[in-house]
Every structure is written in C-alpha cells, then in structure tokens.
Amino acid sequence: MTESESPVHKQDIEAEDSLVLWHDFLQTLSLHGFRQVFERGSAKIRRILWLTILIAALVMVCVHSERSIRKYFERPVSTNVHVEFVEEIIFPAITICNFNLFPFYLINGTVGEKIMSILAPQQHIDRQDDVLFARSPIPNFNQYKRSIILKEEGNDSTVEDIDTDIDVVDSKWDFDQTFNFAEFVKTHGHRIDHMIKKCRWRSEKCGPENFTAVITEFGLCYTFNSGKLGHRVLKVNRAGVDFALKLQLNVQQDQYYGSLRDSAGFKVMVHDQDEPAMINELGFAIQPGTHTFCSLKKIVINNLPKPYRASCKDLNIRGFAKYTKSACLLLCRARFVIGRCKCSSYDLRGLEADTPPCLPQQVKSCVWPAMEEFRNETNNCGCPVPCHITKFQTQLSYAQMPAKHFSEVLARKRKVSKDVMRNYLRDNFLDVDFYFEEMSIEKITERPAYDEESLFGDIGGQVGLFLGASILTLLEFIDLVARILSRKLKKKIYPEHTA
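Written as structure tokens, this is what we have:
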C-alpha cells in the first residue's frame, strides 16, 4: 500500500465500521418499521412502501400531539365537589340592619331632623300617590328651628306666630367641615339594646354585649360573632334549630322617621368573619310579624391561579386581614367616591386616610349619584377572584307570629283591644333562628383537568400506537451516535492501534 492510498483506505475502514454499527443498530432497534426501510437485500418497492407507512404514522403522531398541546394550553379545569362531615363548625358572622336610618326618639328636635330633610326632602313624600309614612321630617324640624331662633332673639311670641323664611332658617344650620356624619350615624342609629328582646345562643342567654356595631350603607348595623373587639369566635357541634342562634327583635316601626326607605324590617347578611358586610347588595330581608327559620350550609371554594380560567389572586388590602372580593369592591368604591366628591362617605370611613368626611349635603348631591355611577363601572376595579372563598348558603322558611290566641291572651292581660295588640305585635316584632342543617362542609375544589402528566401521557401513547416507540427508542439513537463518535475519537487519539 502506498502512502497516497493510506488515507483513502482509512476512510473506507471507518465507513465500513460505521455501516456495521448501523446494521447492528437496525437489528436491535425498537422503532417498528424503521429497519424495513433500510434492510439490505429487500426489494425497492417494499422499502418505499414501508417508508410511506412510516411517514404516514409520523404525520399522525404530529397531528395528535398538536391537539394534545393545544388542549394543554387551553388550561381546562375539573371541579371536584366533596362533602366533609365534621364534629365542629365555626358559626358565621351575622350582620343585622334596620331599614330605618334614625329612630324618631333619638333625633327628634336635633340636627338629625335637618339631616333627614336633606336626605329625604318633603318633595319626595309629596310625589307619592299614597301617604305611607308616619310623620314628615320637615315640619317638625322647621318648628324646632323657629323655636331656637325665637330663643336666640329673645322673642316671646309663639312659634306659630312667626313666619320665618325657611331658606333663612336653613342658612343658620349649614354644616361645617368639623361635622362627622359617620359619628352621628353611630350615635343616633337604632340601639341594639332597644331592638333585641330575646337572644339565645344554644342553651345560653346572650344580649347586646355579643354584638359589634358596624357602619354600612344602611346606617348603623350590628354583627353577631364578629370575632372582633375581644369577641371570641363561636362554634357549633350539633345541627338543628336548638343548637345555634335564636333572636326576637323589635323593628320599632312606631319610631320610623322620614321617607328615605319605604320598607320595614331588617336586612340580614350571613358571612365569614373576614368578609365585610355588603348589606345593600348581598343581604336578605326579614319582616315583622313572621318567625323566620334560616338554615345554613357552609361552602368552601378553592380556585386555581393563572393561567387557569378563574385566574384567582389574593391581594393585600389595607384594613382587612384576608382578601375577599367584597373588601376589594368596598375599597374601590371608597376611592371612586373620594375621586368624585373629594370626601369620604359615612359608610366608607377608615378605608382611605386623610380624607375629610362627607357632609349630609354632599351625601345627597354627590355620594349617592357617584354610587349609582360606580355600580355601572365595577369592572374597572380590578378585583380578582379570591383563591379561597368561604360562604354560607341560606335557606329561609317562615311562620306567622304571633299566633292569634297568643295575642288575645296578651291583650286581656294588658287590658287593650285584641286588634290593637295583634297589629302592634305584627308591625314591630319578629323571631329569627339561624342554624346549620347538618354538620358538614361542602368543599368545591378546582383542579387542572389536563396537566403536564396528561400531556406527556397522551403524546407517549400516540408515539407508541403509531410508531411503536418509547423514550428508550430515543436513547437507542443517542447511543448509536455516541458509539460512532467514540470510535472516531479513539482512531484520532490512537491511530497506531487502529491502523
């Protein structure tokens, strides 16, 4: 062999070694049909047919894999509903609000009558076809204001003799920026000790001391089992009406004042301790003259974060220990009102610091129109769905109270007419019971319906079905390439041993 033929000879030897490795590889390859394409001595038409079949199978694998990948990025969700029976359940917070803003006996002859004349003016009553209200707010207050003016001027004339211009009188009662409307609502709203006639928590007596005052859009409200201000969170370990909260309430309809609302009774909301009471939007009404049975069912919802459809997210909201959508909407509403009115509404005080309180005139002329505008723009708040939600499903049933014979017995005892007693009780009193219908918690949990494991399983199944391959097949190709490269590398490093 000449020196000029030596490189060619070496190349032939390397090619022959690679070919031997290739054919050995084909004999042991687990990819079905692949060896048929490169099999030596096989007819050409047979090899072309196997190549066509192999390409078709590869195309099917790509098509089905694309569908699986597209399904994965759609992020489908499955919802699992599970009922868990427990020995003990945390009793919810129950917020109660009287439909009436201020009772007459607390604002009669005070600046509260001026407030009511602003919030619900006489013209509102005059527009009603039927007079459904016990008393009109303006005449009483005008008479009071005139009496004050008479005293200031040292006039001995009677109030009826003075024909004072109402606008002049009103000018003397303009509110300045030091007037705190929220504090006035807190001190002049219906008192809980006057509204509660009976209170029983399981077998124990309860009372006003178990309620926490809270200011809402409805005015002064009270929350049972708030878990705040030193109140421990109460729990129940038995289902049924005898093992929860029983209340007898006095609506005090004879003390209703003004025309702000034309309904009588209470607005009630059952909610988690960490959720603020949105009474106006989410509460239900109970009316006097009825015994309301409110059965409860606790529901816990767990949502998935992005990129799934719920896109839940728990934000940090100042003033609230836990993120809820209600808290987010309240803060958003407070900022919206401040942006429109440059003041803070009485029911939103504390959510935004360093903002002056809105005066009654501003509540009527700016805050309420801003609220209406806000209700049409709540999508601008950017309040995501919470990842963990605790809610209470309520089911109401009713019975009439008092029974006819009970009111008749009470009328004889009090020595009043039966009709007077019956009408008084039905106009002012109601019973309401809150209880769990069973000791269970319904848990609704979102789970990925198609995760990475499902994706790889589907793709692997398609590859196995159409090609008969697996992850080991890929390793076989890697092993072949590694063996070829290893032999070439050895021949370069040790040429004398491979000559």
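Sequential numbering from 767 applies to the sequence shown in this note's numbering. For each residue, glycine too, the CB sits at the ideal point set by N, CA and C. Fair warning: this is a prediction, and the values are worked out from it, not measured in the lab.
Do you know how far the Cα of residue j is from the Cα of residue i?
| i | j | result |
| --- | --- | --- |
| phenylalanine 800 | leucine 820 | 7 Å |
| aspartate 1040 | serine 1092 | 10 Å |
| valine 951 | threonine 982 | 10 Å |
| alanine 1043 | aspartate 1217 | 38 Å |
| isoleucine 958 | aspartate 1193 | 18 Å |
| isoleucine 884 | tryptophan 1134 | 12 Å |
| alanine 1100 | serine 1111 | 7 Å |
| asparagine 1003 | serine 1163 | 23 Å |
| phenylalanine 977 | phenylalanine 984 | 17 Å |
| glycine 993 | phenylalanine 1032 | 22 Å |
| phenylalanine 990 | phenylalanine 1202 | 16 Å |
| glutamate 1138 | arginine 841 | 37 Å |
| aspartate 927 | alanine 1010 | Summary for aspartate 927: the model assigns pLDDT 46, below 50, so the residue's position carries little reliability, and this model does not support an answer. |
| alanine 886 | glutamate 879 | 10 Å |
| arginine 812 | arginine 806 | 12 Å |
| isoleucine 1259 | serine 808 | 38 Å |
| lysine 837 | isoleucine 1225 | 12 Å |
| lysine 1254 | leucine 1246 | 13 Å |
| glutamate 1303 | leucine 1000 | With the chain covering only 767 through 1265, there is no way to say anything about residue 1303. |
| proline 1071 | arginine 1084 | 22 Å |
| serine 1183 | aspartate 1028 | 28 Å |
| threonine 1090 | asparagine 1142 | 20 Å |
| glutamate 1047 | glutamine 1159 | 16 Å |
| phenylalanine 1200 | arginine 968 | 10 Å |
| leucine 1221 | tyrosine 1074 | 16 Å |
Since I believe residue j is in contact with residue i (beta carbons under 8 Å), could you give me their beta-carbon distance rounded to a whole number of angstroms?
| i | j | result |
| --- | --- | --- |
| leucine 1015 | leucine 1196 | 6 Å |
| isoleucine 856 | valine 1034 | So it is not a contact: roughly 18 Å between Cβ atoms. |
| cysteine 965 | glycine 955 | Their Cβ separation, rounded to whole angstroms, is 19 Å, which puts cysteine 965 and glycine 955 out of contact at 8 Å. |
| valine 1151 | asparagine 1082 | Not a contact, Cβ separation roughly 16 Å. |
| cysteine 1094 | cysteine 1153 | Contact flag wrong, Cβ pair sits at about 13 Å. |
| alanine 1235 | leucine 797 | 5 Å |
| phenylalanine 851 | glutamine 1021 | In fact, because the Cβ distance is near 46 Å, the residues do not count as touching under 8 Å. |
| cysteine 1132 | cysteine 987 | That pair is no contact at about 23 Å. |
| phenylalanine 1140 | phenylalanine 1086 | At roughly 19 Å, the Cβ-Cβ gap does not stay under 8 Å, so phenylalanine 1140 and phenylalanine 1086 are not in contact. |
| arginine 1106 | alanine 1136 | 4 Å |
| leucine 1233 | leucine 815 | About 16 Å; that fails the 8 Å criterion. |
For residue i, report the span of its beta strand (DSSP E) as first-last.
| i | result |
| --- | --- |
| asparagine 1016 | 1011-1016 |
| alanine 1136 | Looking at the DSSP string, alanine 1136 is not in any beta strand (DSSP E); the run it does join, the alpha helix (DSSP H), is 1134-1141. |
With distances taken Cα to Cα, identify the nearest neighbour of residue i among the options.
| i | options | result |
| --- | --- | --- |
| glutamate 853 | Arg1253, Arg806, Leu1255, Ile1207 | Ile1207 |
| valine 843 | Ile1210, Val1066, Leu1251 | Ile1210 |
| valine 1175 | Gln1166, Phe1200, Arg1188, Tyr1164 | Arg1188 |
| serine 834 | Gly807, Gln1228, Arg1141 | Gln1228 |
| glutamine 1161 | Phe1059, Gly1148, Arg1249, Phe1102 | Phe1059 |
| lysine 1063 | Asp1020, Ala1005, Leu1221, Arg1249 | Ala1005 |
| glutamine 1128 | Gly1226, Cys1149, Asp1120, Ile1104 | Ile1104 |
| glutamine 1053 | Ala1165, Leu1221, Ser1025, Val786 | Ala1165 |
| leucine 1125 | Lys1108, Cys1078, Arg968 | Lys1108 |
| glycine 1223 | Lys1181, Ile873, Val827 | Val827 |
| glutamate 1157 | Phe1172, Arg806, His1037 | It is lysine, not glutamate, that sits at residue 1157 in the sequence shown. Lysine 1157 has its Cα closest to that of His1037, out of Phe1172, Arg806, His1037. |
| methionine 882 | Phe1232, Tyr1023, His997 | Tyr1023 |
| lysine 1012 | Glu1242, Lys971, Glu949 | Lys971 |
| leucine 1231 | Lys1072, Lys963, Ala822 | Ala822 |
| proline 1122 | Val849, Thr944, Arg812 | Thr944 |
| asparagine 1146 | Val803, Leu1114, Cys1098 | Cys1098 |
| leucine 995 | Phe1009, Phe1172, Ile873, Glu975 | Glu975 |
| phenylalanine 947 | Ile962, Val877, Leu1000 | Val877 |
| threonine 743 | Lys1001, Leu1000, Ala1030, Val829 | For residue 743 there is no data in the structure shown, the boundaries of the chain being 767 and 1265. |
| isoleucine 1065 | Val847, Leu872, Leu1026 | Val847 |
| valine 1007 | Met1205, Ile1250, Glu1242, Leu1241 | Met1205 |
| serine 1130 | Leu1026, Met961, Asp1080, Gly1049 | At residue 1130 the sequence reads lysine, which differs from the serine that was named. Out of Leu1026, Met961, Asp1080, Gly1049, Leu1026 has the C-alpha closest to the C-alpha of lysine 1130. |
| proline 858 | Arg1075, Ser1061, Asp1113, Leu872 | Ser1061 |
| valine 1017 | Ala979, Glu1047, Leu817, Lys963 | Lys963 |
| methionine 961 | Phe865, Ala1215, Pro1214, Glu832 | Phe865 |
From what residue to what residue does the alpha helix (DSSP H) around residue i run?
| i | result |
| --- | --- |
| arginine 1180 | 1170-1180 |
Could you tell me if the beta carbon of residue i falls within a distance shorter than 6 Å of some heavy atom in the ligand NAP?
| i | result |
| --- | --- |
| phenylalanine 1059 | You won't find the ligand NAP in this model; it holds no ligand whatsoever. |
Review point. Hey, which unbroken runs of the beta strand (DSSP E) at 3 residues or more fall wholly within the segment 803-883?
Key: 843-851, 859-864
Exercise for review: Could I get the ranges of all uninterrupted alpha helix (DSSP H) runs contained in the segment 1027-1112, with 4 residues as the minimum, in chain order?
Suggested key: Counting only unbroken stretches of 4 or more residues, the alpha helix (DSSP H) elements lying wholly within the segment 1027-1112 are 1045-1048, 1091-1107, in sequence order.
Point to revise | alpha helix (DSSP H) segments (min. 4 residues) lying fully within the segment 935-986 | key: 947-954, 958-961
Check your understanding: Which full runs of the beta strand (DSSP E) of 3+ residues lie inside the segment 1161-1248, going along the chain?
Key -> 1195-1214
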